[in-house]
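**Student:** This is the structure I want to talk about, given as structure tokens.
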Amino acid sequence: MFDTKIYIQRREILKKSLGTGFILLLGNEESPMNYTDNQYPFRQDSTFLYYFGIDHPGFAAAIDIDEDKEYIFGDDITVSDIVWMGPQPSVAERAAKAGVKTSASLREMEDIIKRVIARGRQVHYLPQYRAFNILKIEHLLGIHPKRMKEYSSQLLINAVASQRLKKAPEEIREIEKALDIAYEMQTTAMRVASPGKNEKEIAGIMEGIAVSRGGRLAFPTIFSKNGQTLHNHFQGNKLKAGDIVVNDSGAETAMHYASDITRTFPVKGKFTNIQKDIYQTVLDMQLTAIAEIKPGVTYRSVHLSAAKILAENFIAAGLMKGNAEEAVNAGAHALFFPHGLGHLMGLDVHDMENLGESNTGYDNKTKRSDQFGLTYLRFAKELEPGIVLTVEPGIYFIPELIDMWKKENKFKNFINYDKVNKFKKFGGIRIEDDILVTTKGCKVLGKPIPKTIKEVEKLASMRK
Ligand code: GLY
Ligand code: MN
């Protein structure tokens, strides 16, 4: 946990932001895998962690702004629980560490909330993403699961989203710790991957690094020679000379702050000339994007600049034709770059995605596009100092998408399908770093991980 005063300050900001009302924040419960006592690893809700730091199942909290009262709700364990789990801090002790003076049982929580409702007061809650907590809200507030999202509090969503958007120095330090772990995962993978090994051997070593550093993976690792599938979680391929591998992986610290890094490298240590050309284009897209990041610029415009580099390079290489800017405005580049440039990162690897991207990545000035590719941009609005986000352009040759667009004659003025067809076995390349927006520009967080062709080939050639 951070120091108690950090949680107190965070709640003070939230209370000021809302001004009035009763806030209910639910922690997460254990989630059974196949029977009650065999559970998926516990992951606390990130907003609950942010305001209370209690990393344990079975808790809820409330903030009554009007009565200036805060509550932690939970049930103390019994001696028979201690037999299995060992001694645990009491609910009151956990509440004290979070700087909350009042603790109460879950039964008492029901009575307190009933009284709030009986007085005609609104209970502010956030959109829910776990079935168990949807049932809890239904039980406590009498809201049918189908209407749960509709009745969630827009005021609370806005307050939490704007507060969690900008990272405090202690949060940046945690993210950098997560990046230290990602550095080791990525550089180890480059060194140990070699022809004849299986993808899962390398993915397993990376997971071991994350766990041995006191945290765990921030998300299921994407380690695949079939990098043309954006989120390829299959790890059963044998690597061979000539393959390139997309390694999109990251760790979360014991405090649950994330890192999210992608590198693409040649299994045997050297890229082919064609792989080098495409790699360099992705790197140019990423470096151009990073150079443009500063307060006041929209991330949509940064995304479009990266897309324009792709179009210019592909026009020069004969894969595309026409005018680069017109091609990007029409969305033709999305055949090769069908996802957004990046997303917020913090306590969640896609930070606050549970609050809705329209609440975190878009606003009245920046509306979501419905164009294929651009529509997947998770954060598009103006950048502000303190924001942490990923910059992760990629180029992919997805045979099914190429075939479909060709059949539809889609963007035939911009795409040279005869040439593109020759790349259908190429795979994909993505390069990703985590960036902090500063007052003047931005900073790439963490120790630099080999990224230029020369640096990647040097590390990937070791011990092959
Ligand atoms: N690292 C996976 C993603 O950004 O979706
Ligand atoms: Mn990412």
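Residue numbers in the sequence shown follow the working numbering, run continuously in steps of one, and reach 466 at the last position.
Don't be surprised by glycine CBs; every beta carbon is placed ideally from N, CA and C.
1) Near the ligand GLY, which residues have their beta-carbon less than 5 Å from any of its heavy atoms, given in chain order?
2) Using DSSP with H/G/I as helix, E/B as strand and the rest coil, what is T104?
3) Consider the C-beta atom of E467 and the heavy atoms of the ligand MN; say whether any pair is separated by less than 6 Å.
4) Please identify the residue among Y53, E186, E140 whose C-alpha is closest to the C-alpha of M257.
5) Taking only the alpha-carbon atoms, compute the straight-line gap between G324 and A184 and give it to the nearest angstrom.
6) How would you label L137, buried or exposed, when you count the other beta carbons within 10 angstroms and need 16 or more for buried?
7) Give the C-beta separation of A308 and F413 to the nearest angstrom, bearing in mind that I take them to be a contact with Cβ-Cβ under 8 Å.
8) With three or more C-beta pairs closer than 8 Å as the rule, is the segment 143-153 touching the segment 101-113?
9) Tell me the DSSP bridge mates of S251?
10) Please work out which residues of its chain come closer than 6 Å, Cβ to Cβ, to K427, disregarding the five sequence neighbours upstream and downstream, and give them in chain order.
11) State the start and end residues of the unbroken alpha helix (DSSP H) segment that holds T468.
12) Should R12 be labelled buried (16 or more other beta-carbon atoms within 10 Å of its own) or exposed?
13) Out of A64, L232, S48, V85, point me to the one whose CA is closest to H352's CA.
14) Would you mind stating whether T392 and H345 have Cβ atoms separated by less than 7 Å?
15) Can you check which of these residues, N36, F267, E72, L285, is closest to T189 by C-alpha distance?
16) Tell me the start and end of each unbroken beta strand (DSSP E) in the segment 325-358 that is at least 3 residues and wholly inside, in chain order.
17) What does the Cβ neighbour count give for F50, buried or exposed, with the cut at 16 atoms within 10 Å?
18) What are the boundary residues of the beta strand (DSSP E) that S307 is part of?
19) Helix, strand or coil for M322? Go by DSSP, reduced to three states.
20) Mind checking who Y73 pairs with in its DSSP beta bridge?
21) Terminal residues of the continuous beta strand (DSSP E) containing V284?
22) So what's K168 in DSSP terms, helix, strand or just coil?
23) Runs of 4 residues minimum, wholly inside the segment 375-441: which ones carry the alpha helix (DSSP H) assignment?
24) Where do the N-terminal and C-terminal ends of the alpha helix (DSSP H) with Y53 fall, by residue?
25) Express the C-alpha separation of K18 and H233 in angstroms, rounding to a whole number.
26) Can you tell me where the beta strand (DSSP E) holding K445 begins and where it ends?
27) CB R149 to CB F24, shorter than 7 Å?
28) Starting from the N-terminal side, write out each stretch of the beta strand (DSSP E) that is 3 residues or longer and does not extend beyond the segment 204-240.
29) Roughly how many angstroms lie between the CA atoms of L312 and T283, to the nearest whole one?
30) If you pair each beta-carbon of the segment 29-43 with each one of the segment 89-103, do three or more pairs fall below 8 Å?
31) Could you spell out the range, first to last residue, of the alpha helix (DSSP H) harbouring Y153?
32) Would you kindly work out how many angstroms separate the C-alpha atoms of D57 and L27, rounded to a whole number?
33) Restricting to Cα atoms, I'd like to know which of K278, L343, K445, I404 is closest to P387.
34) Going by C-alpha distance, which of S214, F339, I204 is nearest K240?
**Tutor:** Let me lay it out:
1) With the criterion CB distance below 5 Å from any heavy atom of the ligand GLY, the matching residues run D250, D262 along the chain.
2) Here the question's residue 104 lines up with position 102 in the sequence shown. Strand.
3) Since the first and last residues shown for the chain are 3 and 466, residue 467 lies out of range.
4) As a working note, residue 257 is residue 255 in the sequence shown. Ranking the options by Cα distance to M257, first place goes to Y53.
5) Position 322 of the sequence shown, counting from 1, holds the residue named residue 324. Position 182 of the sequence shown, counting from 1, holds the residue named residue 184. G324 and A184: Cα-Cα distance of roughly 40 Å.
6) The count along the sequence shown starts at 1 and reaches residue 137 at position 135. Exposed is the label assigned to L137, since fewer than 16 other Cβ atoms lie within 10 Å of its Cβ.
7) Residue 308 sits at position 306 when you count from the first residue of the sequence shown. Residue 413 sits at position 411 when you count from the first residue of the sequence shown. The C-beta separation of A308 from F413 comes to about 18 Å, leaving the pair out of contact by the 8 Å criterion.
8) Taking a cut-off of 8 Å for Cβ pairs, the segment 101-113 and the segment 143-153 do not touch, as fewer than three such pairs fall below it.
9) On the sequence shown, residue 251 is found 249 positions in, with the first residue counted as 1. In the DSSP output, where bridge partners are listed per residue, S251 has I263.
10) The count along the sequence shown starts at 1 and reaches residue 427 at position 425. Counting only residues of its own chain and dropping the five nearest sequence neighbours on each side, K427 has no CB closer than 6 Å to any other CB.
11) With the chain running from 3 to 466 in the structure shown, residue 468 is simply not present.
12) Taking the sequence shown and counting its residues from 1, one reaches residue 12 at position 10. A residue is called buried when at least 16 other Cβ atoms come within 10 angstroms of its Cβ; R12 meets this threshold and is buried.
13) Along the sequence shown, one-based indexing puts residue 352 at 350. Closest by alpha carbon: S48.
14) The count along the sequence shown starts at 1 and reaches residue 392 at position 390. The count along the sequence shown starts at 1 and reaches residue 345 at position 343. Their beta carbons are under 7 Å apart, which means T392 touches H345 by this criterion.
15) Here residue 189 refers to the residue found at position 187 of the sequence shown. Comparing Cα-Cα distances from T189 to each of N36, F267, E72, L285, the minimum goes to F267.
16) Complete beta strand (DSSP E) runs here, min 3: none at all.
17) For the purposes of this step, residue 50 is identified with residue 48 of the sequence shown, where counting begins at 1. Looking at its Cβ environment, which holds 16 or more other Cβ atoms inside 10 Å, F50 is buried.
18) As a working note, residue 307 is residue 305 in the sequence shown. Careful: S307 lies outside any beta strand (DSSP E), inside the alpha helix (DSSP H) at 301-319.
19) Mapped onto the sequence shown, residue 322 falls at position 320. Per DSSP, reduced to three states, the secondary structure at M322 is strand.
20) Residue numbering aside, residue 73 sits at position 71 when the sequence shown is read from its first letter. A64, T104, per the DSSP bridge assignment.
21) For the purposes of this step, residue 284 is taken as the residue at position 282 of the sequence shown. The continuous stretches of beta strand (DSSP E) do not include V284, which lies in the alpha helix (DSSP H) extending over residues 275-294.
22) Working through the sequence shown from its first residue, we reach residue 168 at position 166. Note: K168 maps to strand in three-state DSSP.
23) Counting whole runs of 4 or more residues, the segment 375-441 contains the alpha helix (DSSP H) stretches 401-409, 419-423.
24) For the purposes of this step, residue 53 is identified with residue 51 of the sequence shown, where counting begins at 1. For Y53, the enclosing alpha helix (DSSP H) covers residues 48-54.
25) Your numbering for residue 233 matches position 231 in the sequence shown. Your numbering for residue 18 matches position 16 in the sequence shown. H233 and K18: Cα-Cα distance of roughly 40 Å.
26) Locating residue 445 in the sequence shown gives position 443, where the first residue counts as 1. Segment 444-446, the beta strand (DSSP E) holding K445.
27) As a first step, residue 149 is located in the sequence shown; it is residue number 147 there, counting from the start. As a first step, residue 24 is located in the sequence shown; it is residue number 22 there, counting from the start. In this structure, F24 does not lie closer than 7 Å to R149 by Cβ.
28) Entirely contained in the segment 204-240, the beta strand (DSSP E) runs reaching 3 residues are, in chain order, 224-226.
29) To locate residue 312, count along the sequence shown from 1; it is residue 310. To locate residue 283, count along the sequence shown from 1; it is residue 281. Cα-Cα distance, rounded: 6 Å.
30) In this structure the segment 29-43 does not lie against the segment 89-103, because fewer than three pairs of beta carbons, one per stretch, are closer than 8 Å.
31) The residue given as residue 153 occupies position 151 in the sequence shown. Its alpha helix (DSSP H) spans residues 150-153.
32) Taking the sequence shown and counting its residues from 1, the one referred to as residue 57 is at position 55. Taking the sequence shown and counting its residues from 1, the one referred to as residue 27 is at position 25. Linking D57 to L27 through their CA atoms gives a straight-line distance of about 14 Å.
33) In the sequence shown, residue 387 corresponds to position 385, counting from 1. Minimum Cα-Cα distance from P387 among the listed residues K278, L343, K445, I404 corresponds to K445.
34) Within the sequence shown, residue 240 is the residue found at index 238, counting from 1. Cα-wise, what sits closest to K240 is I204.
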